[in-house]
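Contents: one structure, followed by commentary.
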Amino acid sequence: MSAINVPRIVPPWPFEAYAHVISPLSVEDGGGFLITFPDLPGCMSDGETEAEAVENGRDAFIAVVSALADMGRDIPAPSFSPDDAAAPGASGKFVARVPKSIHAKLTSRAKAEGVSLNTLVLTLIAEGLGRRDRHA
């Protein structure tokens with residue numbers, strides 16, 4: 002079997018527009034976390050941490066979208082756009098006050114995972130909302 006080099010494309014919709022699900026992997030499956038994209042069947046990746054799974058998911062997203070384009074297939078649009086749910090006046094930016102102990106834990110975890118505090122908090126919020134949506 003030989004490898005095929007697929008040219009990378011700029012996707013018609015950004016990574017952030019696609020819903021993703023992060024699930025813990027069992028020890029038998031190697032541990033860590035799995036990321037999947039409901040709108041892009043077969044697009045998945047994993048990582049030791051949730052943040053690493055998201056970063057690896059970005060690579061998988063580009064690979065799948067590029068492969069679909071290379072094969073002449075349609076790239077599925079995201080089924081949910083953050084703009085669809087935006088309340089009037091929602092800028093995508095807000096300030097939250099947290100106890101110093103939580104701030105310290107978040108900062109420490111972000112540093113340990115090699116991501117910014119903003120990326121870590123956004124990942125945790127998205128994961129929490131995803132869990133809540135699955136149970137609703």
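Numbering of the sequence shown is given in the numbering used here, commencing with residue 2 and proceeding in unit increments.
Here a beta-carbon is modelled for each residue, glycine too, at the ideal position from N, C-alpha and C.
Model, not experiment: these values are computed from the prediction.
{"query": "Integer-rounded CB distance, given that Ile36 should sit under 8 Å from His21", "result": "5 Å"}
{"query": "Assigned exposure category for Gly73 - 16 Cβ within 10 Å defines buried", "result": "exposed"}
{"query": "Contact check, Glu114 vs Leu123, beta carbons under 8 Å", "result": "no"}
{"query": "Minimum C-alpha distance to Leu1 - residue among Leu41, Ser46, Pro13, Phe38", "result": "The chain is shown only over 2 to 137; residue 1 falls outside these bounds and no answer can be derived."}
{"query": "Whole runs of the alpha helix (DSSP H) within the segment 14-75, excluding any shorter than 4 residues", "result": "51-71"}
{"query": "Asn57, buried or exposed, once every other Cβ within 10 Å from all chains shown has been counted against 16", "result": "buried"}
{"query": "Closest residue to Ser80 among Thr108, Pro8, Ile5, Trp14 (Cα-Cα distance)", "result": "Trp14"}
{"query": "Helix, strand or coil at Val96 [DSSP, three-state]", "result": "coil"}
{"query": "Exposed unless 16 or more other CB atoms sit within 10 angstroms - verdict on Glu29", "result": "exposed"}
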